[in-house]
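Working notes, beginning with the structure itself.
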Amino acid sequence: MATLLITDDAAFMRMTLKKMVTDAGYDVIGEAENGQQAVELYNEHKPDLVTMDITMPEMNGIEALEKIKAANPDAKVVMCSAMGQQNMVVDAIQKGAVDFIVKPFDEARIKESLEKALSR
């Protein structure tokens with residue numbers, strides 16, 4: 001079973017995503033509410049996959065992505081963005097994100113994205 005770290009500053013979004021991914025058979029090993037926490041939890045648990053919100057306090061998702069990829073170039077990170085953040089999504093993909101999911105979350109799209117990311 002693949003392990004997952006969920007990163008989002010909104011507790012409701014983390015809860016929604018956690019339910020969707022656990023229903024899909026993934027094991028959520030941690031939740032982070034900002035990029036700094038995501039980097040710390042990633043280094044501690046080494047999950048198979050990270051979902052990363054782009055806009056967060058303290059450290060945004062792009063900065064956290066860069067730190068995680070610097071520590072582990074093979075890390076698999078899927079960015080989560082609201083509509084209208086296309087420039088940031090492109091930036092994230094160029095910096096190593098494997099895919100992105102647009103909010104509000106669509107369960108079928110999430111499963112597809114995670115399967116695609118893990119098969120790389």
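When the count follows full-length UniProt numbering, it moves up by one through the sequence shown with no breaks and lands on 120 for the last residue.
The beta-carbon is built from N, C-alpha and C at its ideal position, and this holds for glycine as well.
#### Entry: Alpha-carbon spacing of Arg-14 relative to Val-39, whole angstroms
16 Å
**Prompt:** So Met-56 and Met-79 are in contact, right, with Cβ under 8 Å, and what is the actual spacing, rounded?
**Reply:** The Cβ separation is near 12 Å, so there is no contact.
Residue ranges of each beta strand (DSSP E) run of no fewer than 3 residues wholly in the UniProt domain "Response regulatory" (3-118), ordered along the chain?
3-7, 27-32, 49-53, 77-81 and 99-102
Check your understanding: Is it true that the CB of Thr-7 sits closer than 9 Å to the CB of Glu-33?
Key -> yes
Query raised in the report: Which residues in the same chain have their Cβ closer than 8 Å to the Cβ of Gln-85, if we skip the five residues on either side of it in sequence?
Result: Ile-54 and Thr-55
Less than 9 Å between the C-beta atoms of Ala-75 and Gly-61, yes or no? no
ask   = Is it buried or exposed for Lys-46, if we count other Cβ within 10 angstroms and need 16 for buried?
value = exposed
Buried or exposed (CB count within 10 angstroms, at least 16 for buried), Phe-100: buried
Measure the Cβ-Cβ separation of Ala-71 and Asn-43 and say whether it is below 9 Å. yes
| task | Can you grab the Cα-Cα spacing for the pair Asp-27 / Thr-3, in whole Å? | result | 5 Å
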